[in-house]
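Below is one structure, written out as C-alpha cells; the observations come after it.
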Amino acid sequence: MTDPLPSRPAKRHAWPLLLPAIAAWACALILLGCSARTGMSLALVAAVGAVTVAWHTRSGRPYPRPRHVTTSGYRPFGRTTTPASRFRRAESPPPRSPRGAEAGRSSSGVATWRGVILATLVCAAAASGSVALRVHAVTTGPVAELAATSASVTAQIVLTDDPRRRSSRSIPFAQDSYVTPATLTILRTAEGRQAVNVPVTVFSSGPAWARLLPSQHLEVTGRLAAPTAGNLVAAVFLVRGPPRVLTPPSQLQTAAGALRSGLRSAADVLPPDQRGLLPGLVVGDVSRMDPQVAADLKEAGLNHLNAVSGANLAIVAGAMLALSRLFGFPLPVRALLAALSMLAFAVVARPSPSVLRALLMGLAAAVALGTGRARDGFAALSATVLLLVLFVPELARSYGFALSVAATAGILLLAPRWRDRLSAAHQDESDAPPQDSSARQRPRGAASPSLSGGGPENDGRGSPGRDPGGGAARRDGTPAEGRRRAERRSRVRLPRWLAEAVAVPAAAQVAVTPVLVLMSGQLTPVALVANLLVAPAVAPATLLGFGAALVAPVWLDGARLLVVPAGYAVGWIVAVAEWSVGLPFATVPWPGGLPGLGLLALAVAAGALILRRRAWRAVALTAAGAALVAVLVIRPIAMPWPPKGWLMVMCDVGQGDGIVIAAGPARGIVVDTGPDPVAMDRCLRGLGVDDVPLLVLTHPHADHVGGLAGVLRDRRVGAVVVSPQRALARASARVSGTLEGRRIPEWTVAPGTRWTFGPSEVTVLAPDPATSEVNGQGEGSVINNSSVVLHVRWRSGSVLLSGDLETEAQEELLRRSPIRADILKTPHHGSNRQSPAFLEAVGARAALISVGKDNDYGHPAPSTLALLRRLGAAIHRTDRSGDLAVVEREGGMAVVSRGPAH
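Here it is as C-alpha cells:
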C-alpha cells in the first residue's frame with residue numbers, strides 16, 4: 017500500500033488466483049454483448065465442469081508413497097539400530113531419496129493444479145451467471161419495453177454519480193449538457209404508475225444539473241431510448257427541461273460535495289490551467305479542466321493524473337499511518353484508521369474503476385498490516401479483479417479498469433526486477449560470493465556434510481577450482497568468470513532511489529502499452545521521461561490539495577494558503593506535459609485493435625531476439641542512433657516548420673477553418689478558430705504566435721468559432737471582428753459574452769475597412785451591413801452567406817479568404833466588384849455550392865481547401881475539384897497535406913505542406 021517496492025522480487029506469487037481472475041474477466045467481457053440465455057448456458061457448462069473436477073478429485077486415489085521413504089525424502093529408522101546408524105542419526109540427516117522427493121513434489125503439484133482448475137471453473141460459472149442475471153434484468157421489464165418504442169414518460173430517479181459535463185463541438189456555445197448515471201425507481205405513463213429499480217443513463221442540459229450530487233431523488237420528464245449493446249443499463253433517458261428535486265443528498269454525499277466544491281473554490285487563486293488540474297489530480301474532479309492541458313497530458317502519457325488511482329490512496333493512507341504512529345496507536349488501530357481514510361477518500365473521489373481497484377487492494381493490504389500476515393501484491397490484485405468482475409461486471413469492458421490493472425501488474429512484476437538490475441545494491445550483492453549458512457559457521461578446513469556419503473574427494477582439502485564443500489567452481493576461479501565480473505563492475509549503476517524512480521514508470525508504461533494500442537492506436541515513447549520528471553511533484557500537490565479540501569469548508573483563506581504551493585507543483589506538471597508533446601515523435605501512430613496488438617507482439621519478439629546477441633545489439637543501437645540524428649537534427653534543418661518567410665498558414669484543424677496571417681515577430685492575425693481549441697492552440701504554438709492583434713470570426717458556425725478558447729489561451733487578443741449579420745443569435749451571444757468577460761473589444765466593420773500588420777495588408781470585402789441577408793438552398797445557407805470576406809495582400813501576391821460563401825453570395829460579391837487573387841481559400845470547404853463564374857473571375861493559381869479527413873459532408877465535392885482543375889488551379893488539402901503555409905519564393909508565392917499529423 018505505502019511500502020516501497022520489495023528489496024527483491026518475490027520468487028513466488030499466489031499464481032493460483034491468476035487463472036480464476038482471468039477466466040471471470042474473459043467471461044464477463046464476452047457475455048456483456050450476448051443474451052441472458054447465452055450467459056446462463058455458459059454458466060451451466062462451467063458449473064458442470066467444476067462438479068466433475070471436484071468429484072474426480074474427491075474419488076481419485078492419491079499417489080502411493082514409496083516404501084520405506086517418508087514424505088520428506090529421508091529413509092526412516094527401523095526398530096533395530098546399529099552404532100553406525102545411531103552415529104549417522106546424531107551427526108547428519110540420512111541420505112535423501114530422489115524417488116521420494118520427486119513423488120512428493122509431483123503429488124503436490126497435481127493437487128495444486130486440480131485446485132486451480134476447479135477454482136477457475138467455479139469463477140467462470142459465477143461470472144457468467146452474474147452477467148446473465150444482470151443482462152436479463154435490464155433487457156426485460158417495462159422500462160426496456162418502453163425504451164424500444166421511444167416512449168415519453170415521467171419518472172423518479174436517484175443519481176448514482178455526479179453529472180458530467182459533455183463538450184459538444186457540433187453545437188458550440190450551446191446550453192451545457194450533462195450525462196449522469198442513475199437508478200430509475202418510479203415510472204409514470206398514460207397507463208399508470210409502476211415501481212421499478214433499473215439503471216439508466218440520463219442525458220440532460222441546463223445549469224441546474226451542475227449543482228446536483230449523488231443520492232439525490234429527482235423527478236424528470238423525457239423520452240426513453242434503447243441503450244447501446246453491451247451496456248448494463250435498461251435505457252437511455254433523454255430529459256427535457258430542468259429536474260424537480262425531491263430530496264437533498266445524503267449527509268455523506270453532502271460532506272463529500274462540500275470538500276470537492278471547497279477545493280474548487282480554493283483553487284480559484286491559481287492560473288486557469290492549474291486551477292483545473294489540481295482538483296483532478298487530488299479528487300478526480302475534471303469539471304474545470306483546460307482542454308489544452310487535458311490534451312497535453314494525454315499525448316504525454318500523463319493522462320492517469322486526471323484520474324484518482326492507487327497513488328492517491330497510498331499517499332492518503334500513508335499520511336494517516338504516519339499521523340497515527342505519531343500518536344502512539346498500536347498497529348491494528350493504525351491499520352484500521354488507514355482503511356477508514358481510504359474509504360472516505362473513495363467517497364470524495366467517486367468510485368471510478370481505478371478507485372475501486374486501488375481501494376480493494378489497499379483494504380487487503382491494511383488487513384494484512386493489522387493482522388501481521390504476509391502481503392502479496394499480486395495475490396491482492398488477482399483477488400481484486402475477481403471480486404470486481406463478479407460484483408461489477410460492467411468493468412470488464414472499461415478501458416480505465418484495464419489500464420489500472422495492467423499498470424499495477426507491471427509495477428508488481430517488472431519494477432522490482434528492473435530496479436535491482438539498475439541499482440548499485442544489486443551489483444554489490446551479485447559480486448559477493450555465495451555462501452551457505454552452514455559453511456559460514458564451519459571452521460576452516462572442516463569437512464562438509466555430503467548427501468551422498470563421505471569419500472576422499474570430500475575430505476575438506478578441496479581441489480583447484482572447487483570449494484571445500486565440493487560445490488561449483490568459485491566465481492573468481494577462471495579467467496572467463498573474472499572477465500564477466502569486471503564487465504559487470506564496469507557498468508554504470510544508479511542509486512537505489514533513482515533506479516526505483518525509473519523502474520516504476522517504465523514498468524507501468526510497458527504494461528499498459530497493449531491496452532493503449534487497442535484503445536487509441538498509438539505509442540507514446542515520451543511517456544517514460546514525462547512520468548519521471550513529474551513524479552517529484554505529484555505527492556506534494558496531492559497532499560497539499562487534499563489538505564486544502566479538508567480545510568476549505570471551515571476556513572477558505574487557510575485553504576488558499578495551502579493551494580498556492582500546490583500550484584507550483586501542478587504548474588511543473590503542466591510545463592512538463594507541454595514540453596513533452598513538443599518533442600519529435602512524442603506519439604507514434606500504430607495500427608489499432610487486434611491487428612495492432614499482433615504487430616506489437618511481433619515487434620517485441622523481434623526486439624528480444626536482437627537484444628540477446630551483442631553484435632545485433634550494436635547494429636540495432638547504431639540504426640536507432642542514426643534515426644534519431646535524422647529526426648532530431650537533419651529533418652528540422654532540411655524541413656523546418658514554420659518555413660522561413662511564411663506569410664499565411666492554414667492550420668489543419670479538422671473539419672473547419674483556422675488561418676493565421678503573419679503580422680510581425682511572434683504576432684499573427686487569426687481568421688476563424690476551427691472546431692477544436694486544442695488543435696488551434698497547438699498550431700499557434702508551433703508558429704510561435706503569442707500576440708493576436710486582430711481575430712476575425714467569419715460566421716458563428718461550430719467549425720469556425722468552436723476553437724476560440726484555444727486562441728485566447730495565454731495570448732493577448734487586440735480586437736475581434738464578427739459578421740454584422742447576426743443570423744445565429746444564441747451562438748453570437750455566447751461569443752459576445754466570452755469576449756466581454758475577457759474585456760476584448762468586438763467590432764463589426766463595413767466593406768473597405770483596411771488594416772496593415774507587419775507584411776500583411778487586410779481589406780474587408782463583405783458583407784455589407786446595409787444589405788439584407790442572402791438566402792440559399794441549404795439549412796445553414798443564410799449563416800454561411802453572412803461570412804466576412806477578406807482580401808490579404810503582400811508584396812509578392814494576394815489571397816482571397818472567402819469564408820463559407822455559397823453560390824448566391826459569391827455571385828452577389830462578383831456583381832459588386834471584380835476580384836482577383838493569386839491564391840483562393842476555397843469557399844465552404846469545397847462543397848458543391850460553388851459559382852463557376854466566381855471561381856473563374858478570381859483567377860487563382862492555387863486553391864487551398866481546409867477539410868477534415870473522412871468527414872460526413874462529402875467535402876470537398878468531386879464537382880468542385882474538377883472545376884478547379886479545369887480552371888488551372890493547383891489544389892492543396894489539409895486532410896492530405898496537414899498544415900499549409902504560403903511563403904514568398906523568388907518574388908512570387910508558393911505553398912508548402914507540413915505533412916499529415918498522423
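In the numbering used here, each residue carries its 1-based index in the sequence shown increased by 16.
The beta carbon of each residue, even a glycine, is placed where N, CA and C say it ideally should be.
>> I want to check one thing, is the minimum distance from the CB of G296 to the heavy atoms of the ligand ATP below 7 Å?
In response: Of the ligands one can find in the structure shown there are none, so the ligand ATP has no counterpart to examine.
> Out of curiosity, what's the CA-to-CA distance linking V383 and V542?
Replying inline: As a working mapping, residue 383 is identified with position 367 in the sequence shown. As a working mapping, residue 542 is identified with position 526 in the sequence shown. Distance between the alpha carbons of V383 and V542: 38 Å.
>> Distance check for P367 and A374, CA to CA, integer angstroms please.
In response: On the sequence shown, position 358 is the one that residue 374 refers to. On the sequence shown, position 351 is the one that residue 367 refers to. Rounded to the nearest angstrom, the two C-alpha atoms are 10 Å apart.
>> In the DSSP assignment, the alpha helix (DSSP H) including E856 goes from what residue to what residue?
In response: Here residue 856 refers to the residue found at position 840 when the sequence shown is read from its first residue. Here the alpha helix (DSSP H) through E856 covers P852 to V858.
>> For G859, tell me which candidate among L840, P876 and G874 has the shortest Cα-Cα distance.
In response: Stepping through the sequence shown from its first residue, residue 859 is reached at position 843. G859 has its Cα closest to that of L840, out of L840, P876 and G874.
> Near T558, what residues of its chain come up, given a Cβ to Cβ distance below 7 Å and the 5 sequence neighbours on each side ignored?
Replying inline: Reading the sequence shown from its first residue, position 542 is the one you call residue 558. Around T558: L297, V298, N328 and I331.
> Can you name the start and end residues of the beta strand (DSSP E) that R809 belongs to?
Replying inline: If you number the sequence shown from 1, residue 809 lands on position 793. Segment V805 to W810, the beta strand (DSSP E) holding R809.
> CB P265 to CB S231, shorter than 8 Å?
Replying inline: Position 249 of the sequence shown holds residue 265. Position 215 of the sequence shown holds residue 231. In this structure, S231 lies closer than 8 Å to P265 by Cβ.
> Ordered along the chain, which non-local residues of its own chain (more than five positions away) have a Cβ less than 6 Å from that of A686?
Replying inline: Here residue 686 refers to the residue found at position 670 of the sequence shown. Checking the sequence, you will find Val at residue 686 rather than Ala. Around V686: V676, V708, L711 and V727.
> What number of angstroms, rounded off, separates the C-alpha of Q538 from the C-alpha of L532?
Replying inline: Here residue 538 corresponds to residue number 522 of the sequence shown, with the count starting at 1. Here residue 532 corresponds to residue number 516 of the sequence shown, with the count starting at 1. Each residue's Cα considered, the two are about 7 Å apart.
> Beta-carbon separation of L430 and L385 under 8 Å?
Replying inline: Here residue 430 refers to the residue found at position 414 when the sequence shown is read from its first residue. Here residue 385 refers to the residue found at position 369 when the sequence shown is read from its first residue. It is not a contact, given that the beta carbons lie outside the stated cut-off.
>> Closest to L275 by C-alpha separation, out of T772, V363 and G908, would be which residue?
In response: Taking the sequence shown and counting its residues from 1, the one referred to as residue 275 is at position 259. Of the listed residues, the one whose Cα sits closest to L275 is V363.
>> Within a Cβ cutoff of 8 Å, which residues of the same chain sit near V159, ignoring the five residues on either side of it in sequence?
In response: Residue numbering aside, residue 159 sits at position 143 when the sequence shown is read from its first letter. Cβ neighbours of V159 beyond the five flanking positions: L200, L203, V212, V214, V216, L240, A250 and A251.
>> Assuming N800 is part of the beta strand (DSSP E), what are its boundary residues?
In response: The sequence position of residue 800 within the sequence shown is 784, counting from 1. Element bounds for N800: not the beta strand (DSSP E) but the alpha helix (DSSP H), S797 to N800.
>> With a threshold of 8 Å, are at least 3 pairs of Cβ atoms found where one atom belongs to the region 859 to 868 and the other to the region 825 to 841?
In response: Under the Cβ criterion (8 Å, minimum of three pairs), the region 859 to 868 counts as touching the region 825 to 841.
> Alpha carbon to alpha carbon, what distance is there between V151 and P569?
Replying inline: On the sequence shown, position 553 is the one that residue 569 refers to. On the sequence shown, position 135 is the one that residue 151 refers to. Each residue's alpha carbon lies about 42 Å from the other.
> How should D870 be labelled, buried or exposed, when 16 other C-beta atoms within 10 angstroms of its C-beta is the threshold for buried?
Replying inline: As a first step, residue 870 is located in the sequence shown; it is residue number 854 there, counting from the start. Classification for D870: exposed.
> What is the residue span of the beta strand (DSSP E) that N322 lies within?
Replying inline: Residue 322 sits at position 306 when you count from the first residue of the sequence shown. Looking at the DSSP string, N322 is not in any beta strand (DSSP E), and its letter there is neither H nor E.
> Skipping 5 residues on each side, what residues in its chain have a beta carbon closer than 7 Å to that of L268?
Replying inline: Here residue 268 refers to the residue found at position 252 when the sequence shown is read from its first residue. Correct list, in chain order: V363.
> How is S168 classed by DSSP in three states: helix, strand or coil?
Replying inline: On the sequence shown, residue 168 is found 152 positions in, with the first residue counted as 1. Strand at S168.
> Does DSSP put F394 in a helix, a strand or coil?
Replying inline: Counting from 1 along the sequence shown, the entry for residue 394 is found at position 378. It is helical.
> Hey, would you say L404 sits closer than 8 Å to L438, going by beta carbons?
Replying inline: Taking the sequence shown and counting its residues from 1, the one referred to as residue 404 is at position 388. Taking the sequence shown and counting its residues from 1, the one referred to as residue 438 is at position 422. Their beta carbons are not under 8 Å apart, which means L404 does not touch L438 by this criterion.
>> So A524 and A423 are supposed to be a Cβ contact under 8 Å. How far apart are they, rounded?
In response: For the purposes of this step, residue 524 is taken as the residue at position 508 of the sequence shown. For the purposes of this step, residue 423 is taken as the residue at position 407 of the sequence shown. Confirmed, Cβ separation roughly 4 Å.
> Alpha carbon to alpha carbon, how far is G583 from R886?
Replying inline: Taking the sequence shown and counting its residues from 1, the one referred to as residue 583 is at position 567. Taking the sequence shown and counting its residues from 1, the one referred to as residue 886 is at position 870. Taking the straight line joining both Cα atoms gives about 59 Å.
>> Please list the terminal residues of the continuous beta strand (DSSP E) segment that includes A863.
In response: Working through the sequence shown from its first residue, we reach residue 863 at position 847. Note, A863: beta strand (DSSP E), A862 to I865.
>> Please classify A825 as buried or exposed, where buried requires at least 16 other C-beta atoms within 10 Å of its C-beta.
In response: As a first step, residue 825 must be located in the sequence shown, where it is residue number 809. Looking at its Cβ environment, which holds 16 or more other Cβ atoms inside 10 Å, A825 is buried.
> On the three-pair Cβ rule with 8 Å, is the region 42 to 53 touching the region 405 to 419?
Replying inline: Touching, per the Cβ criterion.
>> Going by DSSP in three states, R759 sits in which element: helix, strand or coil?
In response: For this step, residue 759 is matched to residue 743 along the sequence shown. Looking at R759 - three-state DSSP - the assignment turns out to be coil, as it is neither helix nor strand.
> Using the C-alpha atoms, what's the distance from A882 back to R905?
Replying inline: Here residue 905 is taken as the residue at index 889 of the sequence shown, counted from 1. Here residue 882 is taken as the residue at index 866 of the sequence shown, counted from 1. Each residue's alpha carbon lies about 28 Å from the other.
> Buried or exposed: which applies to M909, given that a residue is buried once 16 or more other Cβ atoms fall within 10 Å of its Cβ?
Replying inline: In the sequence shown, the residue the question calls residue 909 occupies position 893. Looking at its Cβ environment, which holds 16 or more other Cβ atoms inside 10 Å, M909 is buried.
> Under the rule that 16 or more other beta-carbon atoms within 10 Å means buried, what is H72, buried or exposed?
Replying inline: As a working mapping, residue 72 is identified with position 56 in the sequence shown. By the neighbour-count rule (16 or more Cβ atoms within 10 Å), H72 is not buried but exposed.
>> Rounded to the nearest angstrom, what separates A631 and G868 at their Cα positions?
In response: On the sequence shown, position 615 is the one that residue 631 refers to. On the sequence shown, position 852 is the one that residue 868 refers to. Spanning the alpha carbons of A631 and G868 requires a straight line of approximately 47 Å.
>> So the candidates are T400, A271 and E235; which of them puts its Cα closest to the Cα of G326?
In response: Looking up residue 326 in the sequence shown gives position 310. Minimum Cα distance to G326 is reached at T400.
> From which residue to which residue does the beta strand (DSSP E) around T201 run?
Replying inline: Indexing the sequence shown from 1 puts residue 201 at position 185. First-last of the beta strand (DSSP E) with T201: S193 to T205.
> For T165, does the count of other Cβ atoms within 10 angstroms reach 16, so buried, or fall short, so exposed?
Replying inline: Looking up residue 165 in the sequence shown gives position 149. Exposed is the call here.
> How would you label P521, buried or exposed, when you count the other beta carbons within 10 angstroms and need 16 or more for buried?
Replying inline: Here the question's residue 521 lines up with position 505 in the sequence shown. Result: buried.
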